[in-house]
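S.K.: Pasting in a structure now, in structure tokens, and then I'll have a few things to ask.
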Amino acid sequence: MALKNTVNNEQFEKEVLKNDKFVLVDFWAPWCPPCRMMAPVIEKLAEQKADTLDVVKVDIEESLDNKNLAIKYGVQGIPNMQVFKDGKVVKEIVGMRPANILAQDLSSLGI
Numbered sequence: 003m004a005l006k007n008t009v010n011n012e013q014f015e016k017e018v019l020k021n022d023k024f025v026l027v028d029f030w031a032p033w034c035p036p037c038r039m040m041a042p043v044i045e046k047l048a049e050q051k052a053d054t055l056d057v058v059k060v061d062i063e064e065s066l067d068n069k070n071l072a073i074k075y076g077v078q079g080i081p082n083m084q085v086f087k088d089g090k091v092v093k094e095i096v097g098m099r100p101a102n103i104l105a106q107d108l109s110s111l112g113i
């Protein structure tokens, strides 16, 4: 399954940093309308790219640890999607994106 449930700070290392696949991390919050609008786009993308991409969601409001995780990765506004490979951020996508543009952003990485 390419779309994981919301991960927390404790799960982040295993699910993201030590993952062999590309991982799209969606930093979001439940009160954020653009984040809620992006959710179905991201879910569909996760299904389409399941062979090469895992997707995890980090609710930045869930805990202080999650908020600190967002700060650690430079999240200043949401929605903020970061693509990781081999434990490093290889692309950051900030703000809403139509599905086709988000797919192009990922295709540029070979995903």
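Under this note's numbering, the first residue of the sequence shown carries the number 3, and numbering increases by one thereafter. Glycine residues also receive a C-beta, built at the ideal position from the N, C-alpha and C atoms.
1) Between M40 and the rest of its own chain, which residues show a CB-CB distance below 7 Å, the 5 nearest in sequence each way excluded?
2) Quick one: what's V18 bridged to in DSSP?
3) Going by other Cβ atoms of all chains shown within 10 Å of its Cβ, with 16 needed for buried, is I116 buried or exposed?
4) If we require 3 or more residues per run, which beta strand (DSSP E) segments fall completely within the region 87-113?
5) Measuring only the C-alpha atoms, how far is G101 from A48?
6) From P36, T8, K20, pick the residue whose C-alpha is nearest to that of K87; which is it?
7) With 16 as the cutoff for other CB atoms within 10 Å, does L66 come out buried or exposed?
8) For D53, write down the residues that DSSP places opposite it in a beta bridge.
9) Give every residue of the same chain whose Cβ lies closer than 8 Å to the Cβ of K69, excluding the five residues on either side of it in the sequence, and list them in chain order.
M.R.: Concretely, from the data shown:
1) Counting from 1 along the sequence shown, the entry for residue 40 is found at position 38. The residues are P81, M98.
2) Residue numbering aside, residue 18 sits at position 16 when the sequence shown is read from its first letter. Answer is none; V18 lacks a bridge partner.
3) The structure shown has nothing for residue 116, since the chain only spans 3 to 113.
4) List check, beta strand (DSSP E) in window: 90-96.
5) Here residue 101 corresponds to residue number 99 of the sequence shown, with the count starting at 1. Here residue 48 corresponds to residue number 46 of the sequence shown, with the count starting at 1. The sequence given here places Ala at residue 101; Gly does not occur at that position. Cα to Cα, A101 sits roughly 11 Å from A48.
6) Here residue 87 is taken as the residue at index 85 of the sequence shown, counted from 1. Out of P36, T8, K20, K20 has the C-alpha closest to the C-alpha of K87.
7) By one-based count along the sequence shown, residue 66 stands at place 64. When all chains shown are included, L66 counts as exposed.
8) Residue 53 sits at position 51 when you count from the first residue of the sequence shown. In the DSSP secondary-structure assignment, D53 is not bridged to any residue.
9) To locate residue 69, count along the sequence shown from 1; it is residue 67. So the list reads I62, E63, once near-sequence residues are dropped.
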